Structures are given as structure tokens and as C-alpha cells.
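Worksheet for the structure shown next.
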Amino acid sequence: MAYGVTFLVLWSQLEKRFVFFPVAELLYTPSDAGLEYEDVRFHTSDGMTLQGWFIPGDPERGSDLTWLWFHGNGGNLGHRVDELAQAHHRTGDNIFIFDYRGYGRSEGKPSEKGTYLDSRAAVEYLLSRPDADPNRIVYLGHSLGAAVAVELALTQPPLAMVLVSPFTSVRDMAKLTLPFPPAGWLVRNHYDTISRIQRLNMPVLVLHGELDETVPISQGRKLYDAANQPKSFQMLEGAAHDDTFQIAGEQYWRAIKSFLAGVQ
Numbered sequence: 626m627a628y629g630v631t632f633l634v635l636w637s638q639l640e641k642r643f644v645f646f647p648v649a650e651l652l653y654t655p656s657d658a659g660l661e662y663e664d665v666r667f668h669t670s671d672g673m674t675l676q677g678w679f680i681p682g683d684p685e686r687g688s689d690l691t692w693l694w695f696h697g698n699g700g701n702l703g704h705r706v707d708e709l710a711q712a713h714h715r716t717g718d719n720i721f722i723f724d725y726r727g728y729g730r731s732e733g734k735p736s737e738k739g740t741y742l743d744s745r746a747a748v749e750y751l752l753s754r755p756d757a758d759p760n761r762i763v764y765l766g767h768s769l770g771a772a773v774a775v776e777l778a779l780t781q782p783p784l785a786m787v788l789v790s791p792f793t794s795v796r797d798m799a800k801l802t803l804p805f806p807p808a809g810w811l812v813r814n815h816y817d818t819i820s821r822i823q824r825l826n827m828p829v830l831v832l833h834g835e836l837d838e839t840v841p842i843s844q845g846r847k848l849y850d851a852a853n854q855p856k857s858f859q860m861l862e863g864a865a866h867d868d869t870f871q872i873a874g875e876q877y878w879r880a881i882k883s884f885l886a887g888v889q
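Count along the sequence shown from 1, add 625, and you get the number used in this note's numbering.
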């Protein structure tokens, strides 16, 4: 019995390290890419203070969309500056991105439940802003962020969702990547995206790198197959997991812009 309890405790710690890779230090901000932005703080229902960046849209471009951006499981806000700059340059939309608890300057320690509470606090903050139309919010989630975005969409449905390099569930990923059969049944972080996406009806775009070895493209296709219409899938040629917008380049942004044009 004691050995079993010890194993489960060790497994729980190992799993957290497998799922979450937060970095505290912020090396870059949007100003490094020439963007104006607001550095904001907002609070979760369980008392955590989180950091976010609001990048206002370009009024001359005439867009009224706001992106709520859910980053992946590694790094922090600062590691997304290049992609934020490209998104803003190509669309002119408002962008709001935030760090989950335990990432960057956000308080607390990361957990599955925590990311869900954080996402609710983020959308509540966004809805409080007079410059963000509540009916024109698009969720963009990368990898772990795609799972968080889908969960939030159950109670706070957006206009549309863009899911980049998504997985179906942590259990499925554990079965694919960990070397012993029971791994899939021992996970405590579930992020069961595939069961949740079947309950949603807003337009969904799934983007996945052809050469993704972190989350195989089969995961993205499986999630796409489970989603309801209207939906689109785009394989990003030559791209892996974290370089989708860099390697796929025009293909990546063209797919997003075409998708958003269809939900205007």
C-alpha cells in the first residue's frame, strides 16, 4: 500500500512537469515589436492575480474583431510577441493574451482547474472593456491553449475558434508518448477536448503542422472529425509544433484570414 501511494505521489509530480512548463521571466513585450499595448492585471474567482496584454486594433483597418489568445503549455506571454505582431499586422484586430497562473508574472501554480478559472477571468475582463464587442470575440488556442479555449466555449461561446496544434486529451497523449501502457489511465490532468468539442456549434478552424512530433497531426484530424459543422482543417506544410506561423507563413495567415472572412 505504501509503495502504491508513493508511486501515485511521484506520478502526480511527474505529470505536472509533463503538462506544464512555465517560465517566470518576461524577456520581451509588444513594445519590442513596435506595438502599443496595455499591461493589465485582473483577478480570478479564487483570488489569483493574472497578467495580460491588450493590444488595440487599428481603427483605420475598420475591423471590430477581438482575439482572446490562449497560449500553449510552455514559456509565457513574452514568447508570443513575434506571432502577436504578425497577427496584428495582418488583421488589425484587437488582441488580448494572458498568462495562466504560475506563468510569467501571474500568481499561483498551474493546474488544469486553474487554467479553466483563469480563462473565465480573462473573458470576464475582456467583456468589461468598452472597446471589445462581446459579439465579435474569436478564440485562438495553441496546443494546451486549444483545450482551454474549447472548455471555455462551453459556457462563454465565441463568434468562432481557431485551434492550432490541438490534442484530443491528455490521456490520449500519454498513451502516445509515455513508455508504459497504464500511463493513459493514471493521468489526473484530463483536458478532454474531444468530448467537449462535440457539444459546440460555432465555426472552428483547426490548423496543424505536417511534421508535428509533439502532438501528431492525427490528433488534430481526430479533433476536427469530432467537431460539428461549420468547420475547416488546414495541414501546414513543413511545420512542426511551435513554428507553425513561421514555417507555414503565408499559408498559416491566409487560412486564418479566409476563415474569419467567412464568419464576419
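Beta carbons are placed, not taken as given, at the ideal position from N, Cα and C, and that holds for glycine.
Small disclaimer: the values here were computed from a predicted structure and weren't measured.
Through-space distance from residue j to residue i, alpha-carbon basis
i, j, result
"Phe870", "Gly672", "35 Å"
"Ser857", "Ile822", "14 Å"
"Ser883", "Val644", "32 Å"
"Glu661", "Asp817", "36 Å"
"Asp837", "Gln711", "22 Å"
"Glu776", "Arg686", "31 Å"
"Leu769", "Pro755", "29 Å"
"Glu663", "Asp718", "15 Å"
"His611", "Leu832", "A query on residue 611 cannot be resolved here, the shown segment of the chain reaching from 626 to 889 and no further."
"Glu835", "Leu861", "6 Å"
"Leu751", "Ala851", "29 Å"
Residue i - partner residues in DSSP beta bridges
i, result
"Val829", "Met786, Lys856"
"His866", "Its beta-bridge partners do not exist; DSSP assigns none."
"Val763", "Trp692, Ala785"
"Leu861", "Gly834"
"His668", "Thr674"
Other residues of its chain near residue i: CB distance less than 7 Å, five sequence neighbours each side excluded
i, result
"Asp689", "Asp758, Arg761"
"Pro855", "Pro828"
Chain-order list of residues whose beta-carbon lies under 6 Å from that of residue i (same chain, five-residue window excluded)
i, result
"Ala771", "Leu788, Pro791"
"Gly699", "Phe646"
"Gly739", "Arg726"
"Phe723", "Leu675, Gly677, Ala747"
"Glu875", "none"
Exposed unless 16 or more other CB atoms sit within 10 angstroms - verdict on residue i
i, result
"Glu708", "buried"
"Arg666", "exposed"
"Gly766", "buried"
"Gly697", "buried"
"Gln859", "buried"
"Ser794", "buried"
"Gln889", "exposed"
Own chain partners of residue i with C-beta closer than 8 Å, once the 5 adjacent residues on each side are dropped
i, result
"Leu779", "Arg821, Arg824, Leu825"
"Ser656", "Tyr662"
Nearest-angstrom Cβ-Cβ length linking residue i and residue j, presumed shorter than 8 Å
i, j, result
"Arg730", "Leu651", "7 Å"
"Leu848", "Ala880", "About 16 Å separates the two Cβ atoms, so there is no contact after all."
Check: residue i C-beta below 7 Å from any heavy atom of the ligand MG
i, result
"Tyr877", "Among the components modelled here there is no ligand, and therefore nothing to report on the ligand MG."
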